[in-house]
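Okay, so here's the structure we're looking at.
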Amino acid sequence: MITAAALPSVRPASAFTPPNDPTAGRSLIFDEPFHRLDPAIWNAGRKATTFDAGHYGRAAFARITGEEGFNPYAIVDDAKADDGKALQISVRHIGRPMNVYAYYGNGLPEYQWVSGNIQTARSDGTILKGWRQGYFEARMWMPRHPLTWPGFWMMNGRSILHPQTSVELDIVEHKGKEPTLYGAYLHEWGQPGEHHEGIGVPTGVDVTLGYNLYGMLVDGAHCALYFNRKAVLDPKTSRPVVWTIGRAAELDRNGDVFWPLLTLALRDDEPYPRPLLPEHRLAHLRIDHFRVYG
Numbered sequence: 118m119i120t121a122a123a124l125p126s127v128r129p130a131s132a133f134t135p136p137n138d139p140t141a142g143r144s145l146i147f148d149e150p151f152h153r154l155d156p157a158i159w160n161a162g163r164k165a166t167t168f169d170a171g172h173y174g175r176a177a178f179a180r181i182t183g184e185e186g187f188n189p190y191a192i193v194d195d196a197k198a199d200d201g202k203a204l205q206i207s208v209r210h211i212g213r214p215m216n217v218y219a220y221y222g223n224g225l226p227e228y229q230w231v232s233g234n235i236q237t238a239r240s241d242g243t244i245l246k247g248w249r250q251g252y253f254e255a256r257m258w259m260p261r262h263p264l265t266w267p268g269f270w271m272m273n274g275r276s277i278l279h280p281q282t283s284v285e286l287d288i289v290e291h292k293g294k295e296p297t298l299y300g301a302y303l304h305e306w307g308q309p310g311e312h313h314e315g316i317g318v319p320t321g322v323d324v325t326l327g328y329n330l331y332g333m334l335v336d337g338a339h340c341a342l343y344f345n346r347k348a349v350l351d352p353k354t355s356r357p358v359v360w361t362i363g364r365a366a367e368l369d370r371n372g373d374v375f376w377p378l379l380t381l382a383l384r385d386d387e388p389y390p391r392p393l394l395p396e397h398r399l400a401h402l403r404i405d406h407f408r409v410y411g
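Residue numbers (our numbering): 118 to 411.
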C-alpha cells in the first residue's frame, strides 16, 4: 500500500501554468498519419484489460478483420485530411443475434451493433507504444448521431494486469447529439487514492461538421487540456484546466507509461431511438492523425 507520507511532494495544480503552445520546446516523437492500420502498432478490438470483458456500451468492438461480416476500419480518401487520407471507424446496426467473443449484447436487440476500437496495448500486458509524458493530440471528425460516443483516451500500462493502479486520461468523450460540447476526465480507479475530475468543454464550433484538434499535455504529475491548440479554460475561474495525477510517483517508480485508445462506442445510458431511422443505422468517426510531442 502507498501511503501519503511515502509520496514525494507534488506542486499543486494551481502552481502549474500550461504553455500557450503545447508543442513549444518539444519535438514530434511519434506521428501516425493513418495511411494504413498497422497491426504492429495498433491492436483492434476489445479494450486491453483483465478487469472485465473489454466491451462497453451498446456496440461490440470488432477485431481488425471485422465481426459479423462487417469491418468498421477503413483508410479513406479525404480532401479535408492533412495528407488526403484518414482512418474511418464506423458503427453499423447488425440487427440480428450475433456471435462476438465475450460480448454481453449478442442476444439483445438494442445491442446488436458492431463498432471499432484501436489501441497500442494488448490484454496480456504488452504495450506496443507508450509514453510517460508529453503532448498527445488527435485530429478527429465526430459523427452526428443520437447514440454515438467516440473517444480519444489513454490508460497506464500497469492498469491492464493490475487494475487497482489504473489511471485513465479521457482527452475527449463526445456525445453525437451534442455538436458543440464534449467531456474530458481524469479517473484514478481503485483504492487507495481513488480520484476523479471532469469538465464539459464548450467548443464554439460544430465538431460534427469537420476536423478539430483534441489534446492533452502530461507533464509529470500534471495534465492540461487543449482544444485546437488552445488551453481549455475552467468556466468558474477562467484559468486553464489543470489536474493533478495522484499516482504520478507510482507511475514513475514502476516505469509506467500511457498508451492511447481511439474508440467509437455507442452509449447505453441514452434512450434507444424508436423508431431507429435508416440514417442512424450507420455512422462514421474519422481520425486524420495521432501525434505525440516529447
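Yeah, the Cβ is synthetic: ideal placement off N, Cα and C, and Gly gets one too.
Everything numeric in this text was worked out from a predicted model, so none of it was measured.
- CA-CA distance, residue 291 to residue 261, rounds to 10 angstroms.
- Annotation: the continuous alpha helix (DSSP H) that includes residue 368 extends over 365–370.
- Residue pairing by DSSP places residue 287 opposite 270, 302 in a beta bridge.
- With respect to residue 180, residue 162 sits close: the two C-beta atoms are nearer than 8 angstroms.
- Taking the Cα of residue 331 as reference, the smallest distance to any Cα among 318, 204, 202, 339 is reached at 318.
- For residue 411, no beta strand (DSSP E) run applies, since DSSP gives it neither H nor E.
- For residue 287, the closest C-alpha among the options 279, 296, 304, 237 is that of 304.
- If you look at residue 192, you'll find it in the beta strand (DSSP E) that goes 190–194.
- By the Cβ-count criterion, residue 206 is buried, with 16 or more other Cβ atoms from all chains shown falling within 10 Å of its own Cβ.
- Here the alpha carbon of residue 172 sits roughly 21 angstroms from the alpha carbon of residue 204.
- Cβ neighbours of residue 302 within its own chain (closer than 6 angstroms, five residues either side excluded): 287, 315.
- Distance from the CA of residue 213 to the CA of residue 228, rounded to the nearest whole angstrom, comes to 10 angstroms.
- Apart from the 5 residues on each side of it in sequence, residue 215 sits with its Cβ closer than 6 angstroms to the Cβ of 185, 223, 229 in its chain, given in chain order.
- Scanning the stretch 123–179 for uninterrupted beta strand (DSSP E) segments of 3 residues or longer gives 145–149, listed from N- to C-terminal end.
- CA-CA distance, residue 148 to residue 281, rounds to 31 angstroms.
- Fewer than three beta-carbon pairs drawn from the stretch 245–262 and the stretch 355–362 are found closer than 8 angstroms, and the two stretches are therefore not classed as touching.
- For residue 315, DSSP records a beta bridge to 302.
- Going by C-alpha positions, residue 157 is about 29 angstroms away from residue 343.
- With respect to the C-alpha of residue 270, the residue from 192, 327, 285, 349 having the closest C-alpha is 285.
- Inclusion of residue 376 and residue 166 in the CB contact set at 8 angstroms is not warranted, their separation being larger than that value.
- Contact between residue 383 and residue 176 holds, since their C-beta atoms are separated by about 4 angstroms, short of 8 angstroms.
- With fewer than 16 other CB atoms across the displayed protein chains lying within 10 angstroms of its CB, residue 219 is exposed.
- A straight-line Cα-Cα distance of about 22 angstroms links residue 380 and residue 393.
- Looking from the CA of residue 294, the closest CA among 221, 389, 150, 273 belongs to 389.
- Closest in C-alpha terms to residue 387, from the list 174, 183, 404, 338, comes 174.
- The residues 283, in chain order, have a CB closer than 6 angstroms to that of residue 306 in the same chain once the five nearest residues on each side in sequence are set aside.
- Here residue 225 is exposed. Its C-beta has fewer than 16 other C-beta atoms within 10 Å.
- Take the alpha-carbon of residue 312 and the one of residue 368: they are about 15 angstroms apart.
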